[in-house]
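Residue numbers 1112 to 1412, in this note's numbering, belong to the letters of the sequence shown in order.
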Amino acid sequence: MSAGAKQSILNIVLVLCDTGDEAIIPSPYWVSYPEMVIMAGAKPVFLNTTDKEHFKITKESLAEVITPRTKMLFMNSPGNPTGMVYTEKELREIVSFAVEKGLYVISDEIYEKILYDGVKHVCPATFSDECYKKVITVNGFSKVYAMTGWRLGYAAGAEEIIKAATNIQDHTTSGANSITQKAGVEALKGSQESVNFMVKEFDKRRRYIVERLNKIKGVSCILPQGAFYAFPRVSDLYQRKIAGQTVANSFDLVNLLLEKAFIAFVPGAPFGSDDYIRISYATSMGNIEKGLDRFEKFLSS
Ligand SMILES: Cc1ncc(COP(=O)(O)O)c(C=O)c1O
């Protein structure tokens, strides 16, 4: 147990990676992965994907970036920032191949229960005995139970890895807050009604957002199957003059939208993909409607 999934991931990266090692990160990625790899003295190696292939890597694309220095692979399904979800077949093929090549795999499953369209979650550590030994499963309470501020996460994996991670944590934060742990047990054992309710709400918001985004000229968005983010492509708006300013990249666009239209988006660049911006729909339908109205109006003016 740790103070959020974030701490568990850092602990594991510090255990597994040394100076000169390489860690493969499918891109777009959650912003903290590369920073953690760098903190361990290792090198992040990005495996780029786009909306055209639904932001998914394959066994073949993975094979191209593995070197003798590769130590580990990050997998995050459902994913932040794209909401992409791998099928069991896809995940099995990628993770089994990585393990066969001697890599460790951090499987960040923090959005495990936020899934749409009847998609089922699968845990790669269950794929085989070898996967059980080499996959470190990470999860937490911030997303599914909206307990972000409580700071509670966990990692499960081979005993020697978890023991080493525990040693690191002993000398940093000691342990996870005990009161929070009690609350976490309650979240897991209690009624899951709130989770089902929120997933239904998110589902409505996701469809609404994507439908409206795809009607805006210069914007296109694939339908996410998990998590609570939409990741529209906006690069067709670049190199155009908007409100008297030339927009060159995702930072320019989100700054302009914040300052002139009062809407908060997150630029795609820190997630590794400057052609996109990220929208979180962990906010009310009212806010979403208002935000999209402003976005539409601003671009059409
Ligand atoms: C993919 C992913 N992993 C881990 C985390 C960290 O979660 P926690 O609040 O449990 O540290 C986040 C939070 O944004 C995330 O999106």
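Every residue gets a Cβ at the ideal spot worked out from N, C-alpha and C, and that includes glycine.
Validate contact between the stretch 1210–1221 and the stretch 1236–1247 using beta carbons, cut 8 angstroms, 3 pairs: yes
Collapsed DSSP secondary structure at MET1147 in the structure displayed: helix
N-terminal and C-terminal residue of the alpha helix (DSSP H) that SER1285 is part of: That residue, SER1285, is in no alpha helix (DSSP H); it is neither H nor E in DSSP.
Where ASN1187 sits in the DSSP three-state scheme: coil
Minimum C-alpha distance to ASP1386 - residue among LYS1401, ALA1375, SER1346: SER1346
Any alpha helix (DSSP H) of 4 or more consecutive residues that is wholly inside the stretch 1213–1282: 1240–1245, 1270–1281
SER1172 - containing alpha helix (DSSP H), residue span: 1170–1176
Candidates LEU1348, ILE1320, VAL1148, LEU1173: closest to THR1160 by CA position: LEU1173
Backbone secondary structure at ASN1417 - three-state DSSP: The shown model of the chain, from 1112 to 1412, leaves out residue 1417, and the question about it has no answer.
Environment of ILE1399 [buried if 16+ CB atoms lie within 10 Å]: buried
Chain-ordered residues, beta carbon under 6 angstroms from a heavy atom of ligand 1: GLY1115, ALA1116, LYS1117, TRP1141, ASN1187, ASN1191, ASP1219, ILE1221, GLY1251, SER1253, THR1259, GLY1264
8 angstroms contact criterion, which VAL1233 and LEU1202 should meet: CB distance rounded: 6 angstroms
Between the CA atoms of GLN1336 and PRO1086 - distance to the nearest angstrom: Here the chain comprises residues numbered 1112 to 1412, so residue 1086 is not present and cannot be evaluated.
Residue interval of the beta strand (DSSP E) (run including ALA1134): 1133–1138
Residue closest to ASN1191, alpha-carbon to alpha-carbon, out of GLY1379, GLY1397, LEU1403, LYS1408: GLY1379
Coil, strand or helix - LYS1328 by DSSP: coil
Under the three-state DSSP convention, the category LYS1091 falls into: Outside the shown range of the chain, which is 1112 to 1412, sits residue 1091, and nothing can be said about it.
For ARG1351: DSSP bridge partner residues: VAL1358
The stretch 1124–1134 contacting the stretch 1363–1374, beta-carbon criterion three pairs below 8 angstroms: no
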